[in-house]
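Right, one structure below, let's go through it.
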Amino acid sequence: MATDAVPTQSGYHANLAVEASNIHKGFLNMPVLKGLDLELQAASVFALLGPNGAGKSTLISLLTGVARADQGRLRILGIDPAEDPLAVKRLIGVVPEELALFERLTGRQQLHFCAKLHGLDRTTSEQRCEELLRLTDLVSAGNQLIGTYSKGMRRRLAIAAALIHGPALVFLDEPFDGIDVIAAGVIRELLQELRRAQVSLLLTTHILEIADRIATHAGFLYDGRLLDQGPVAALTEKYQRANLEGVFETLIPLPDNQGHRLSFYQPRHAEPL
Amino acid sequence: MTTDSDRYQPNGAAPLPSFIGHLSLLWKTRKQLSQQGLGLHPSFLQRLISVLALVPALSIGLLSYLFITHPSISVSIEVSQFYLNLLCFVTAMQWITWPVLSAGVEDASESRSYQSYPISTSRLLVASTLTGLLRPVGFFMFAPIIGAVVGYTSCHVSSDVLMVPFLFLAFIALCAGWGQVALYWMRDILRSHRSGQALGSVLIMLIVLGSLLPPVDTSWLYQENADGSAKLGLELQEYAQIAYTFSRVPTGYLGEALRALHDGRPLAAMADALAMLLLAAVGLFTAQILLSHSQHGKSSHSESNNAMQAIFLNARSTHAALVRREALALWRNPRARLLLAVPLVLMVMFRLFSAHDMFVFFFGQNIDAWLMAVLATYAALLMATTFTQNMFAEDGQGLYQLLAAPITPESILRAKAEVHAMLIGLAGLGSTLFYALYIGKVSLQDYFLVSLGVSLVIPLTLILGLFLSVYFPVSTDANLNRRSRQSLAVSLAGFLGNLVGTSPLFVLINHRQTESLYLWAYPVLLILLGLMIALYRYLLPIAGEHFNQRRERILAQIGRF
Chain A
1 MATDAVPTQS GYHANLAVEA SNIHKGFLNM PVLKGLDLEL QAASVFALLG PNGAGKSTLI
61 SLLTGVARAD QGRLRILGID PAEDPLAVKR LIGVVPEELA LFERLTGRQQ LHFCAKLHGL
121 DRTTSEQRCE ELLRLTDLVS AGNQLIGTYS KGMRRRLAIA AALIHGPALV FLDEPFDGID
181 VIAAGVIREL LQELRRAQVS LLLTTHILEI ADRIATHAGF LYDGRLLDQG PVAALTEKYQ
241 RANLEGVFET LIPLPDNQGH RLSFYQPRHA EPL
Chain B
274 MTTDSDRYQP NGAAPLPSFI GHLSLLWKTR KQLSQQGLGL HPSFLQRLIS VLALVPALSI
334 GLLSYLFITH PSISVSIEVS QFYLNLLCFV TAMQWITWPV LSAGVEDASE SRSYQSYPIS
394 TSRLLVASTL TGLLRPVGFF MFAPIIGAVV GYTSCHVSSD VLMVPFLFLA FIALCAGWGQ
454 VALYWMRDIL RSHRSGQALG SVLIMLIVLG SLLPPVDTSW LYQENADGSA KLGLELQEYA
514 QIAYTFSRVP TGYLGEALRA LHDGRPLAAM ADALAMLLLA AVGLFTAQIL LSHSQHGKSS
574 HSESNNAMQA IFLNARSTHA ALVRREALAL WRNPRARLLL AVPLVLMVMF RLFSAHDMFV
634 FFFGQNIDAW LMAVLATYAA LLMATTFTQN MFAEDGQGLY QLLAAPITPE SILRAKAEVH
694 AMLIGLAGLG STLFYALYIG KVSLQDYFLV SLGVSLVIPL TLILGLFLSV YFPVSTDANL
754 NRRSRQSLAV SLAGFLGNLV GTSPLFVLIN HRQTESLYLW AYPVLLILLG LMIALYRYLL
814 PIAGEHFNQR RERILAQIGR F
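Those protein sequences? They're chains A and B, same order as listed.
With the working numbering, the residue at position 223 of the first sequence is 223, and numbering never jumps.
With the working numbering, the residue at position 506 of the second sequence is 779, and numbering never jumps.
Okay, structure coming up:
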């Protein structure tokens, strides 16, 4: 989809936080991303939507410099991660789906460690750590080993860890996966706060209702390709649907097993269902 | 009104597998997992490695057979009985204490993974125990006793020979049953958040007891005959007494049963077999209780020490933070604590059982440097083979954070290597110091020679560890719920490489008859150490580059649980 961004001399669009074109990536000769194009406007909240196995996590690994693309052009905040991966990593925060936490650190230690990895001084580290612990409702659990945390606590901590250095762009892979309503509420508030602070966000989620509520932009990934992307309002208007869930249903084909029954089950009673 | 749940049912439940079926399933799964761990498809190479792994076991078994059938041993039933009972005791102790010595390498994951399937806990435990016997370490540990039993039978048992396999299987069952008890007990200790205190307390208690209790009397070793010549060993009556003592404990029931067959008392042999089976059942029952007990919820662990909470705030650089994190992870790793204590416990036992005196009696006064070197090398290699050869194992998903952070892969490796160097050094050099202070029969010259020689292990194990970690990463769950083992081939490669590194030390120890040796031994070891360090420094960036290239694979492997 075309954008109205203006290219700079280096070819980078100044108002794009992420610019990816013709990205290919495979694992063990299995293609996962097949010529993907993506544009993420600065200060926007981009919901990357797609079924399981579409390549969302792989794409985040590529964008965060953890994995390398086999082919394609990639720019994160104007920097090519292949050329200067450390410069990119300084500017971004990432919360992978499997949560990058060290089980044998306490929550507080994890945040201090992340702060140190990003070169923050002692005072700033301490101050931001306490603020993030408060914001994620983890103050009382801050001195406990992460190995003893619940899934929701881990996810909140992982988000806090990704934010401690104040990144301009944050990637969140399934931030609402497997957590209760309370934890989801805390995370939603946190994301709204980031949105207010004009931090660029790219998040993947299966909960389309949340995407509808938070996202300003959306992209639909299916079988390694981005089928469409753009502002949420433009997408719903284009496909004449009320929300992102409707657009999703229009764009992503449903599995071909509707109405199928298991052959090895049969009714115990004679009456029909 | 019907509900969905009672309206539908499977079209006739399929019959569950029999016990043999379950056994076969578990065995095949273990085999497939080990093949995956090896990173190889079933191939000639893999079969070759499997066969080669059996060679040491077969050799030891054959050696044991030749020993027990040697005319000087087999000439007397008392002498044969003594060695057989001794071997029974050693084998059983080895098998039962293996979970401790290997720090839970043989984990209990199987019993947890398959619990949701329609298999009873007791059957799962029995099947898991039996299939566990058929792993390479089982062949290795039982090979000597198999050789000895075959040898003893061929020399001393002429009737009811067909009972011997049954007796032997009962003995194996006994070992296996109580091995499971040790396994679950050890896992419970390791998983407890007070494991450090528990292990430390046991170690201190052992050291104090070892200092206070009188060591086993070994004066009989030096008794003389009437004409003043040395007896050089035991008299038949003493052999008989010791053999009898060994046969009074359950581990000696196999020997006692074979003796009963020799004496023509098959019923007594049968009673021994039944006793062993009964005790095996008691062991399995105890293991089952421990297993169900250990499944209760995890406890929370708070770190109240403010200095520890601020450990990263005080770090002066990113590198210092990386080093501190790795050190903290190892410090909080119960297996590292246990393995650090194992050589010290061995030395306490060494003292209590007067093993030192026995070694001196058999090998002469110069044995101390050897003993110290072997124990210290063992301590260092224990750390290296468990942790350094698999540096990313316990990072889990945390490795993603390291890779996503603005740091180079080489800096991650360097920090890890520095901490592992400290750990190996602590284990190796700590053991030499403990030996010198606790056993106290070593000269200052030998102490420095051994310490310097053991230091050689550090850079070498680091070099090996860097590349093995990058090319054969295996995940380990920090909560000890699950653990994948490094393949036998990788472990053997690391172990052999490390042994090569320690060979200069043992060559020097072997040739240290003259005082002048020390004058050139120290410079030789120092030069070798310098060369090793230079090699390590040269290879570190290369390993870092390989790490960078393989980071996706490593992450996929480590984060997989």
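Heads up, the beta-carbon is just placed ideally off N, CA and C, and yes, glycines get one too.
Per DSSP, reduced to three states, the secondary structure at T216 of chain A is coil, with no helix or strand assignment. Bridge pairing for M459 of chain B: absent [DSSP].
The beta-carbon of G469 of chain B is placed no less than 7 Å from the nearest beta-carbon of chain A. Nearest in C-alpha terms to A642 of chain B, of all of B:L781, B:A594, B:M631, is B:L781.
Taken in chain order, the complete beta strand (DSSP E) segments of 3 residues or longer contained in the region 153 to 224 of chain A are 169 to 173, 200 to 204, 217 to 222.
At a Cβ-Cβ threshold of 7 Å, S353 of chain B and Y425 of chain B count as neighbours. A distance of 7 Å or more separates the beta carbons of L472 of chain B and V621 of chain B.
For A17 of chain A, the enclosing beta strand (DSSP E) has its first and last residue at 16 to 27.
Residues of the region 20 to 40 of chain A whose Cβ lies closer than 7 Å to any Cβ of chain B: none. Here P31 of chain A carries a strand assignment [DSSP, helix/strand/coil].
Inter-segment contact for the region 71 to 84 of chain A and the region 113 to 126 of chain A is absent: fewer than three beta-carbon pairs are separated by less than 8 Å. Straight-line spacing of the CA atoms in A234 of chain A and G669 of chain B works out to 41 Å. Interface criterion met: the Cβ of V94 of chain A is under 7 Å from a Cβ in chain B.
At a cut-off of 7 Å between C-beta atoms, P391 of chain B does not count as an interface residue with respect to chain A. Of the candidates B:A766, B:L603, B:L778, B:A678, B:L603 places its Cα closest to the Cα of M695 of chain B. Across the structure, L765 of chain B and E126 of chain A are spaced so that their CA atoms are roughly 46 Å apart. In this chain, G93 of chain A is not harboured by any alpha helix (DSSP H); it is covered by the beta strand (DSSP E) spanning 92 to 95. Counting only residues of its own chain and dropping the five nearest sequence neighbours on each side, F745 of chain B has a CB closer than 6 Å to the CB of V763. L244 of chain A sits away from I214 of chain A, with the two beta carbons spaced by 7 Å or more. When only Cα atoms are considered, H112 of chain A and L586 of chain B end up about 6 Å apart. Under the 7 Å criterion on CB atoms, R122 of chain A is classed as interfacial with respect to chain B. Taken through DSSP and simplified to helix, strand or coil, R605 of chain B comes out as coil.
Among the residues of the region 682 to 702 of chain B, none has a Cβ less than 8 Å away from any Cβ of chain A. Across the set A:I182, A:H165, A:A168, the C-alpha of A:I182 shows the shortest separation from the C-alpha of D137 of chain A.
Below 8 Å, too few C-beta pairs join the region 647 to 655 of chain B and the region 55 to 70 of chain A to call them touching: fewer than three. The beta carbons of A553 of chain B and G671 of chain B sit about 42 Å from each other, so the pair does not count as a contact at 8 Å.
Taking 7 Å as the threshold, the shortest C-beta distance from R823 of chain B to chain A does not fall below it. In the DSSP assignment, G230 of chain A forms a beta bridge with A:A218.
In this structure, the beta-carbon distance from L221 of chain A to K56 of chain A falls below 7 Å. Not one beta carbon of chain B lies nearer than 7 Å to the beta carbon of R134 of chain A. The Cβ of G671 of chain B sits closer than 7 Å to at least one Cβ of chain A. Counting the other Cβ atoms within 10 Å of the Cβ of S21 of chain A gives fewer than 16, which makes it exposed. Listed in chain order, the non-local C-beta contacts of G537 of chain B below 7 Å within the same chain comprise S432, local neighbours out to five positions each way being set aside.
Closest in C-alpha terms to G770 of chain B, from the list B:S393, B:I731, B:P796, comes B:I731. By DSSP's assignment, Q41 of chain A forms a beta bridge with A:L16.
Residue pairing for I680 of chain B: DSSP places it in no beta bridge.
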